[in-house]
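Engineer: The following block contains the structure, expressed as structure tokens.
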Amino acid sequence: MEHFLRSKRAAFWSFGIASVWFLYYIATLGEADFGQYRLWLFLLFGGAAVGAFFKMEDFLSIRGVAACVLLGAKVLLDSAYMQPTSARLVLVTVVYGLIVVSIFVGAMPFLLREFTHWLFEQSERPLVLGSSLASIGTLLVVSSFFY
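Position in the sequence shown (first residue = 1) + 1 = our numbering.
Okay, structure coming up:
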């Protein structure tokens with residue numbers, strides 16, 4: 002984990018995937034969603050993504066993962082759209098939790114380094130975190146059968 006935080010290779014892949022994914026969304030904007038400015042938005046955000054590789058190298062891999070999670074959250078929330086409230090409650094709650102964590106980590110990625118140091122200071126902390134995440138995953142799988 003320590004090497005991932007400042008890895009140029011990880012930054013290239015994670016931020017590169019997030020950039021291409023985001024630029025795909027911009028390229029497919031409809032007329033109602035700033036479609037007439039699609040080219041300008043594409044050039045602006047494409048230039049910002051390329052510039053980030055040269056000027057914001059620190060923790061760029063974490064920012065890329067956070068952006069991928071945010072873009073993936075859109076897909077998950079779209080799948081819950083127009084479903085009954087009781088059926089989508091678990092999925093939407095987990096996704097909004099991921100959104101909050103991704104925004105927090107994307108804005109202050111150095112705190113993830115501090116969190117990993119804190120997490121691995123004691124041997125039971127990773128087990129508690131892993132068990133909690135496995136429980137949430139199990140809850141999502143079980144709740145998916147009730148859609």
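Where is the CB? At the ideal position from N, CA and C, for every residue including glycine. Model, not experiment: these values are computed from the prediction.
1) Would you check if there are 3 or more beta carbon pairs closer than 8 angstroms linking the segment 67 to 79 to the segment 13 to 22?
2) Of all the alpha helix (DSSP H) runs that stay within the bounds of the segment 90 to 123, which reach a length of 4 or more residues?
3) Roughly how many whole angstroms lie between the Cα atoms of I63 and G52?
4) Would you kindly report the start and end of the unbroken alpha helix (DSSP H) that includes P127?
5) So for S87, helix, strand or coil by DSSP?
6) Which residue from L120, V143, R7 and F146 puts its Cα closest to that of E58?
7) Using alpha carbons as the reference points, say which of V101, L77 and V102 lies closest to L90.
8) Rounded to whole angstroms, what is the Cα-Cα separation between P127 and I137?
Structural biologist: Working from what's here:
1) yes
2) 111 to 120
3) 17 angstroms
4) E125 to S145
5) helix
6) R7
7) L77
8) 15 angstroms
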